[in-house]
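First the structure, in the form of structure tokens, and then the observations on it.
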Amino acid sequence: MDSFHEPYTRAGDDISPDAVREQVRALEDSHKAHGVQLSGRIVHVCHYLPVVPTLISHLSPAAAGVLSPPPSPPTHYGDVPTSPTNDAAQVQQPEQPSVPSRRWKFAPRYGHAAMISGIRSLSATHDQLIVGWTGDILSDSGNTSDGEQRIPSHLVSQADREALETELVGYDEDGQGNKGKLECVPVWLEDKVAHGHYEGYCKTTLWPLFHYLLWQDVATEYASADAHWVHYEQANQVFAERIASVLKPGDLVWVHDYHLLLVPKLLRSQVGEKGTDVIIGLFVHTPFPSSEVFRCLPRRKEILDGMLGANLVCFQTYSYSRHFISTCVRVCGYETTSRSATASLTANTASTLSTSSHPVSAHPDRSGSSNASENKYIGIDVQGHIVAVSHCPVGINAERVARDTLRPGIQPKLEALRTLYADKKIIVGRDKLDVVKGVLHKLRAFEKLLHDYPEWQGQVVLIQVTSPSLTDSPKLERQISELVAHINGEYGSLDFIPVHHYHQTLKKDEFYALLSVADLGVITPLRDGMNTTSMEFVIAQERTKQSPLVLSEFMGISQHMGQALQVNPWDLGDVAAAMNTGLIMSSASKAARHTALHKVVTTHTSHTWAALLVKMLLSQIDGQTTARGTPYLPKELLKDKYDSATKRLFLFDYDGTLTPIVKTPSMAVPSSDALNALTKLTSDPRNVIYIVSGRDQAFLELHLGHIKHLGMSAEHGGFIRDPANGNGNRVGYSSNAATDEEETWVNFTAQLDMEWMDEVAEIFRYYTERTTGSHIEVKKSSITWHYRASDPEWGLFQCRQCQDLLENNLAHKRPIEVLVGKKNLEVRPLAVNKGEIVKRILYLNPDAEFIFCAGDDKTDEDMFRALHGFPSDATGKIHLAPPLSVTLVDNNHGITRPDVELAIAPDAIFTTAVGPSTKRTLAGWHVTTPEEVVDHMLHLVGESSRGVTSTSGPVSDDVGGEAAKSYM
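Counting with our numbering, you get residues 111 to 1078 for the letters of the sequence shown.
Below, the structure written as structure tokens:
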């Protein structure tokens, strides 16, 4: 059938955990050799601790007259089977014995076995912390039937909490000598916050949404997606504070799953300026929906910004990572970029990363070659902070599962099942009781199998085990029971029942016996991540029938198990046909498919996954973005240098620096505070102030022209109006002019060849016709193609195509440069840029002893570069030759200018980027917002901000917030 994918071979299948660990060691050695501080410790942040703590001989709440809190999530998950009980609804105690201590005893917490197994494997090479919630605190008071009772968290004394932390340090779950290498750090949450966070926001809003269901489609007591948002925020904040309390320099931090999506950003905020040194990875274990589904979430912006606080965001599959990238582009208006992480590895080692750790995209350079030592990732540009996005599938601990399938209790149960269902084909399914697991669809598909292929009536049974979920689903449970009864009534008889449904959690022996005896495994969720049951099925079948597997194509694992019979679970006929194909498959075909599946499962294990995560995170360290961040500009230091200087020079960008970015460029008017600061600064004759903007002359004159002693540069340095001196004359050099405007503004493009603009305009028109919402802006010194109103992804694609065309066919023939801005593509003369204008201003003011230069855009980096690029002679003096922006005018009058000696000292140059400290910039300092720039300006003149912003207001959280940046 067309839906059954042919077997395939994945690149990098021969990569072992040991090989990846060697590559990790090489990366760490390389980083340390380049001065990057690494502690050799990994901090894993998980929702739960991997152990269940029980307080010994604690006064029970009942005895204290305190009511028990509402029930919280069960401590045992259905991901790994636990021992059964006579009462199917009762949660079974772990099989392994508890380890008593003075105040606490511990038992392993079952669930997320693949993740925990992978984390534990890293203890061979790294010290590790697992920071996680304690879960409900239990007491062995013996007042309940199971001998344990929940106690409210606020009743746990400080002494007991401290004892728990101390005793967790020495806890060794499996006796493998991990003490000291893997330490658990508890997070304490108030019961109300814990309940609202997990059972509220996580399970009723995020979990359904990530599985393509909206919250109103899930039968819960909560009517709003925001009903428990405050608890989600509070829980994430508590986690961030707890992590910060144990973090030390050089730690690697891995945050796990959708419960903690706000933690990366909150953690950076929690540790302050040191937050730029923290290397944070975020791994999302669940699916990630398409942008059209995710944008329905009311708190979409907060969630995405929280995630983008990480250095690397990693998903299970390529498609999930692409959904995330598309969501960041479409919902937040961020742009993508290719991010390179150069590692000091051999070509073979580096190429291994590109195949085994599955970067979202690897692009060759424009010459067509690919640098094997450079690993490239798609990244999200968040105000200059580049967040890499990748994917790496989780596996299982194949060796341990293989050992478990050989447990002595399995064979008797396997023989009993064979006897019970003698001469019958056995189809096996095991799922949680959750609507996204598709149990109803599977039952309907089985019914269709019996209807469309009547030869199987009386010859095949479906054994469906439905494990209790973390939340009750009585409606779904009733629907399943009714459908099972219907099928058995329609196709069963007095001596034969086609569907055997068990709503319970199985013992390991029962579970593996069931997987081993199956003639066909059917796992068909409507949406799922890396379903571990499918991998356990393959391991269990190794020594028995090597039976085929039917998988939903909507599972993350399906992309890596192409040898399974993949189906659309919504297409009942497709699933029924796949069941029939699996049941009649020849032994040779079964063996071939099983061999290929077994190789995938045993090669890409949880140990490999964990090692690759460390490798990918280390690959994001490049010294520029993570070794240290840009420090915040102290007001007092700026004021001290300002006061001691006899002449001061100010150079400010406009959009995003003096005014916030707005959707409508014409609305970016200066605030009263900004105007007041500029007026006060220009009133001091010792100050020289310039606005260096991408705006045209008319805009700058309209909003700032009334400030008498203010200098202005328009169109990224194409035009300049020097400030008037005390006599009202301009201090710069201008050409002979016939009009007042020409006397005021110097046109640097007048001496340049501008014929190229017609050629560029023709190319821009071609792309405008093919990109709805785009338009062309023609200025006197440049021409710009804007696509801010276009579809974000299509506009970006067209922009890159246009950029390639311009650079490969025009730029090498004409004296132009092509600039990629925020939602725009600009072409301008090579001789015109903000850096040249800064050199001109400094050349005409060589006696300046203080420089404050602020900007937020890529074009402002030209200013920073110009101010940091002055060579000094043997005496330490700095000389500046006449820049092109001076000689262009002077040559017109036959004037020759000498070099000038600058009075400025390096420590009196304050290049300041507006944005986060993680922003890639040449600036020496940073402030966060335009309001802070104005506040620093006012501080210099002894005033403070009145908090009055421009009438335009801040930009919307939605798409288009960066649109106006092209005017800077």
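Backbone N, C-alpha and C define an ideal beta-carbon position, used for all residues, glycine too.
> So, is Val694 buried or exposed, given that buried needs 16 or more other C-beta atoms within 10 angstroms?
Replying inline: Here residue 694 corresponds to residue number 584 of the sequence shown, with the count starting at 1. Here residue 694 turns out to be Ile, not Val, going by the sequence shown. Looking at its Cβ environment, which holds fewer than 16 other Cβ atoms inside 10 Å, Ile694 is exposed.
> In the DSSP assignment, what residue or residues form a beta bridge with Ile370?
Replying inline: Position 260 of the sequence shown holds residue 370. Here residue 370 turns out to be Leu, not Ile, going by the sequence shown. DSSP, once it has assigned bridges, lists no residue as partnering Leu370.
> Per DSSP, what kind of secondary structure is Pro741 in: helix, strand or coil?
Replying inline: What you label residue 741 is simply residue 631 of the sequence shown in a count that begins at 1. Coil, per DSSP.
> So Arg213 and Val162 are in contact, right, with Cβ under 8 Å, and what is the actual spacing, rounded?
Replying inline: Residue 213 sits at position 103 when you count from the first residue of the sequence shown. Residue 162 sits at position 52 when you count from the first residue of the sequence shown. Between Val162 and Arg213 the Cβ distance is about 15 Å, and since that is not below 8 Å, they are no contact.
> With a Cβ-Cβ cutoff of 8 Å, do Lys725 and Glu825 count as a contact?
Replying inline: As a first step, residue 725 must be located in the sequence shown, where it is residue number 615. As a first step, residue 825 must be located in the sequence shown, where it is residue number 715. Going by C-beta atoms, Lys725 is not nearer than 8 Å to Glu825.
>> Does the structure place the region 410 to 429 close enough to the region 348 to 362 that three or more beta carbon pairs sit under 8 Å?
In response: no
> So Leu414 is in the alpha helix (DSSP H); what residue range does that whole segment cover?
Replying inline: Working through the sequence shown from its first residue, we reach residue 414 at position 304. Note, Leu414: alpha helix (DSSP H), Arg410 to Met417.
> Do Leu371 and Ala350 come within 8 Å of each other at the CB atom, strictly closer than that value?
Replying inline: Locating residue 350 in the sequence shown gives position 240, counting from the first residue. Locating residue 371 in the sequence shown gives position 261, counting from the first residue. No; because the gap between Cβ atoms is not below 8 Å, this pair is not in contact.
> Which residue's Cα is closest to the Cα of Ile413: Arg432, Ser431 and Cys438?
Replying inline: The residue you call residue 413 lines up with position 303 of the sequence shown. Minimum Cα distance to Ile413 is reached at Cys438.
> Can you name the residues that DSSP bridges to Gln259?
Replying inline: Here residue 259 corresponds to residue number 149 of the sequence shown, with the count starting at 1. BP columns for Gln259 point to Ser249.
> When you compare only the Cα positions, how much space is there between Met640 and Ile667?
Replying inline: Translated into positions along the sequence shown, residue 640 becomes position 530. Translated into positions along the sequence shown, residue 667 becomes position 557. Cα atoms of Met640 and Ile667: separation of roughly 5 Å, rounded to the nearest angstrom.
> Would DSSP call Asp237 helix, strand or coil?
Replying inline: Locating residue 237 in the sequence shown gives position 127, counting from the first residue. Of the three classes helix, strand and coil, the one that applies to Asp237 here is strand, per DSSP.
>> If distances are taken between C-alpha atoms only, which option among Pro608, Asp562 and Leu292 comes closest to Leu239?
In response: By one-based count along the sequence shown, residue 239 stands at place 129. When only C-alpha atoms are compared, the closest one is Leu292.
>> So, for Phe974: in the same chain, excluding its five sequence neighbours on each side, which residues have a beta-carbon less than 6 Å away from its beta-carbon?
In response: Here residue 974 refers to the residue found at position 864 when the sequence shown is read from its first residue. Taken in chain order, the residues that qualify are Thr1021, Leu1032 and Ala1033.
> Fully enclosed by the region 613 to 642, which beta strand (DSSP E) runs are 3 residues long or longer?
Replying inline: 630 to 633
>> Give me, in chain order, the residues of the same chain whose beta-carbon lies closer than 7 Å to that of Asp60; leave out the 5 immediate sequence neighbours on both sides.
In response: Outside the displayed span of the chain (111 to 1078) sits residue 60, for which this structure offers no information.
> Which partner residues of Ser662 appear in the DSSP bridge assignment?
Replying inline: As a working mapping, residue 662 is identified with position 552 in the sequence shown. DSSP links Ser662 through a beta bridge to Val677.
> According to the neighbour-count rule (16 or more other Cβ atoms, all chains shown, within 10 Å of its Cβ), is Ser249 buried or exposed?
Replying inline: Here residue 249 is taken as the residue at index 139 of the sequence shown, counted from 1. Classification for Ser249: buried.
> Are Asn934 and Trp895 touching if we call contact CB-CB under 8 Å?
Replying inline: Reading the sequence shown from its first residue, position 824 is the one you call residue 934. Reading the sequence shown from its first residue, position 785 is the one you call residue 895. Yes, the pair counts as a contact, with Cβ atoms nearer than the cut-off.
>> Distance check for Lys1029 and Val1085, CA to CA, integer angstroms please.
In response: Outside the displayed span of the chain (111 to 1078) sits residue 1085, for which this structure offers no information.
>> Only counting the same chain, and skipping five residues up and downstream in sequence, which positions put a Cβ closer than 6 Å to that of Ala674?
In response: In the sequence shown, residue 674 corresponds to position 564, counting from 1. Cβ neighbours of Ala674 beyond the five flanking positions: Leu659 and Leu661.
> For His154, which beta-bridge partners are listed by DSSP?
Replying inline: Indexing the sequence shown from 1 puts residue 154 at position 44. Looking at the DSSP assignment, His154 forms a beta bridge with Ile240 and Trp364.
> So what's Val130 in DSSP terms, helix, strand or just coil?
Replying inline: Counted from its first residue, the sequence shown places residue 130 at position 20. The answer is helix: DSSP assigns Val130 an H, G or I state.
>> Between Pro925 and Glu1011, how many whole angstroms is the CB-CB distance? I'm expecting something under 8 Å.
In response: Position 815 of the sequence shown holds residue 925. Position 901 of the sequence shown holds residue 1011. Between Glu1011 and Pro925 the Cβ distance is about 31 Å, and since that is not below 8 Å, they are no contact.
> Grouping DSSP H, G and I as helix and E and B as strand, with all else coil, what is Ile125?
Replying inline: For this step, residue 125 is matched to residue 15 along the sequence shown. In the three-state reduction of the DSSP assignment, Ile125 falls in the coil class, being assigned neither a helical nor a strand state.
> With DSSP run on the structure shown, which of helix, strand or coil describes Thr767?
Replying inline: The count along the sequence shown starts at 1 and reaches residue 767 at position 657. Looking at Thr767 - three-state DSSP - the assignment turns out to be coil, as it is neither helix nor strand.
>> Could you compute how far the alpha carbon of Ser793 sits from the alpha carbon of His819?
In response: The sequence position of residue 793 within the sequence shown is 683, counting from 1. The sequence position of residue 819 within the sequence shown is 709, counting from 1. C-alpha separation (whole angstroms): 7 Å.
>> Nearest by alpha-carbon distance to Gly965: which of Tyr428, Glu343, Gly1025 and Leu550 is it?
In response: On the sequence shown, position 855 is the one that residue 965 refers to. Out of Tyr428, Glu343, Gly1025 and Leu550, Gly1025 has the C-alpha closest to the C-alpha of Gly965.
> With contact counted as at least three CB pairs below 8 Å, one residue from each stretch, are the region 490 to 508 and the region 624 to 633 in contact?
Replying inline: No, the region 490 to 508 is not in contact with the region 624 to 633.
>> The beta strand (DSSP E) that contains Thr1022, what's its start and end?
In response: Looking up residue 1022 in the sequence shown gives position 912. From DSSP, the beta strand (DSSP E) with Thr1022 extends over Ile1019 to Val1024.
> Got a sec? Which residues, its chain only, sit under 6 Å from Pro127 by beta carbon, not counting five neighbours each side?
Replying inline: Indexing the sequence shown from 1 puts residue 127 at position 17. The answer, listed in chain order, is His717, Thr718 and Ala721.
>> Check whether the region 545 to 554 and the region 643 to 656 are in contact - that is, three or more C-beta pairs closer than 8 Å.
In response: no
> Below 8 Å between beta carbons: does that hold for Val155 and Trp364?
Replying inline: Counted from its first residue, the sequence shown places residue 155 at position 45. Counted from its first residue, the sequence shown places residue 364 at position 254. Taking 8 Å as the Cβ cut-off, Val155 and Trp364 qualify as a contacting pair.
>> Nearest by alpha-carbon distance to Val499: which of Lys358, His222, Gly419 and Tyr563 is it?
In response: Within the sequence shown, numbered from 1, the residue matching residue 499 stands at position 389. Ranking Lys358, His222, Gly419 and Tyr563 by Cα distance to Val499 puts Gly419 first.
> From Thr642 to Val711, what distance separates their C-alpha atoms?
Replying inline: Position 532 of the sequence shown, counted from the first residue, corresponds to residue 642. Position 601 of the sequence shown, counted from the first residue, corresponds to residue 711. The alpha-carbon atoms of Thr642 and Val711 are separated by roughly 10 Å.
> Could you give the C-beta distance for Ile1019 and Ile961, rounded to a whole number, given that I count them as a contact under 8 Å?
Replying inline: As a first step, residue 1019 is located in the sequence shown; it is residue number 909 there, counting from the start. As a first step, residue 961 is located in the sequence shown; it is residue number 851 there, counting from the start. With 8 Å as the limit, Ile1019 and Ile961 qualify as a contact, their Cβ atoms being about 5 Å apart.
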